[in-house]
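Chemist: Before I ask anything, let me first share the structure, which is written out below as structure tokens.
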Amino acid sequence: MRAVYKLLQVIGSETEPGQISLGFAFALIAGFTPLVSLHNLLLLFLILVLRVNLSAFFLGLAFFSGVAYLLDPVFHRVGLAVLTAGPLEGLWTTLYNSTLWRLEGFNNSIVMGSLIVSLLLFVPFYLVSNRLILKYREHFLAWVQKTKLVHVLNILRYGAGS
22 MRAVYKLLQV
32 IGSETEPGQI
42 SLGFAFALIA
52 GFTPLVSLHN
62 LLLLFLILVL
72 RVNLSAFFLG
82 LAFFSGVAYL
92 LDPVFHRVGL
102 AVLTAGPLEG
112 LWTTLYNSTL
122 WRLEGFNNSI
132 VMGSLIVSLL
142 LFVPFYLVSN
152 RLILKYREHF
162 LAWVQKTKLV
172 HVLNILRYGA
182 GS
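So the mapping is simple: our numbering equals the position in the sequence shown, first residue as 1, plus 21.
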């Protein structure tokens with residue numbers, strides 16, 4: 022319940038929709054791929070430099086980390102197809118012989134597949150979530166703020182004076 026309330030707070034805030042959408046889109050990458058990795062360190066740097074909405078990122082990270090377990094079979098198939106593609110075999114051998122590549126663990130089919138899937142979904146997810154946030158603010162925000170559930174959650178959070 023708290024996560025839903027926080028989500029409604031984030032998308033209903035005065036924050037620029039693009040910053041929120043970017044937070045969710047970066048969370049898609051970080052949530053689908055192993056959390057402790059070099060590319061997620063780079064992602065964290067981008068999040069801080071681009072002033073992405075951190076609440077959206079952490080909410081999305083929690084959600085996509087859970088969804089990733091359900092998608093592991095898909096990630097495995099995609100990663101295996103890429104790693105066993107004949108024309109790319111020399112590339113993978115060369116990259117695997119570098120320390121940085123081995124630290125990333127891209128020789129694992131699930132790691133490779135999850136990164137490929139998340140990168141392919143990044144831009145469409147950003148665009149769709151940005152559009153949905155704008156539609157939510159335009160059509161539903163005022164109605165949601167008037168509901169008794171949000172009123173009760175506000176009282177629980179801020180006390181009876183709100």
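Even glycine gets a Cβ: it sits at the ideal position worked out from N, Cα and C.
(1) Can you find a heavy atom of the ligand FMN that lies under 8 Å from the Cβ of residue 103?
(2) With a CB to CB cut of under 6 Å and the five nearest residues on each side skipped, what residues in its chain are close to residue 126?
(3) Reducing DSSP to helix, strand and coil, say where residue 95 ends up.
(4) Please state the DSSP three-state secondary structure of residue 105.
(5) By how many angstroms is the C-alpha of residue 110 removed from the C-alpha of residue 64?
(6) Can you tell me where the alpha helix (DSSP H) holding residue 158 begins and where it ends?
(7) Going by C-alpha to C-alpha distance, which of 123, 151, 161 sits closest to residue 58?
(8) Grouping DSSP H, G and I as helix and E and B as strand, with all else coil, what is residue 123?
(9) Residue 100: buried (16+ other C-beta within 10 angstroms of its C-beta) or exposed?
(10) Note down the Cα distance separating residue 146 from residue 46, rounded to an integer number of angstroms.
(11) Does the distance from the C-beta atom of residue 135 to that of residue 89 stay below 9 Å?
Modeler: In terms of the structure at hand:
(1) For the structure depicted, the ligand FMN is absent and the ligand set is empty, with no information on it obtainable.
(2) On the sequence shown, position 105 is the one that residue 126 refers to. Cβ neighbours of residue 126 beyond the five flanking positions: 132.
(3) Translated into positions along the sequence shown, residue 95 becomes position 74. DSSP places residue 95 in helix when its eight states are reduced to three.
(4) On the sequence shown, residue 105 is found 84 positions in, with the first residue counted as 1. In the structure shown, residue 105 sits in coil (DSSP, three-state: anything other than H, G, I, E or B).
(5) On the sequence shown, position 43 is the one that residue 64 refers to. On the sequence shown, position 89 is the one that residue 110 refers to. If I take the Cα positions, the gap works out to 28 Å.
(6) To locate residue 158, count along the sequence shown from 1; it is residue 137. For residue 158, the enclosing alpha helix (DSSP H) stretches over residues 130-160.
(7) Numbered from 1 along the sequence shown, position 37 holds the residue referred to as residue 58. Nearest C-alpha to residue 58: 123.
(8) What you label residue 123 is simply residue 102 of the sequence shown in a count that begins at 1. Residue state, collapsed to three classes: helix.
(9) On the sequence shown, position 79 is the one that residue 100 refers to. The residue in question, residue 100, is buried, as its Cβ has 16 or more Cβ neighbours within 10 Å.
(10) Along the sequence shown, read from residue 1 onward, the residue named residue 146 stands at position 125. Along the sequence shown, read from residue 1 onward, the residue named residue 46 stands at position 25. Cα to Cα, the separation comes out at about 6 Å.
(11) In the sequence shown, counting from the first residue as 1, residue 135 sits at position 114. In the sequence shown, counting from the first residue as 1, residue 89 sits at position 68. Between residue 135 and residue 89, the gap from beta carbon to beta carbon is short of 9 Å.
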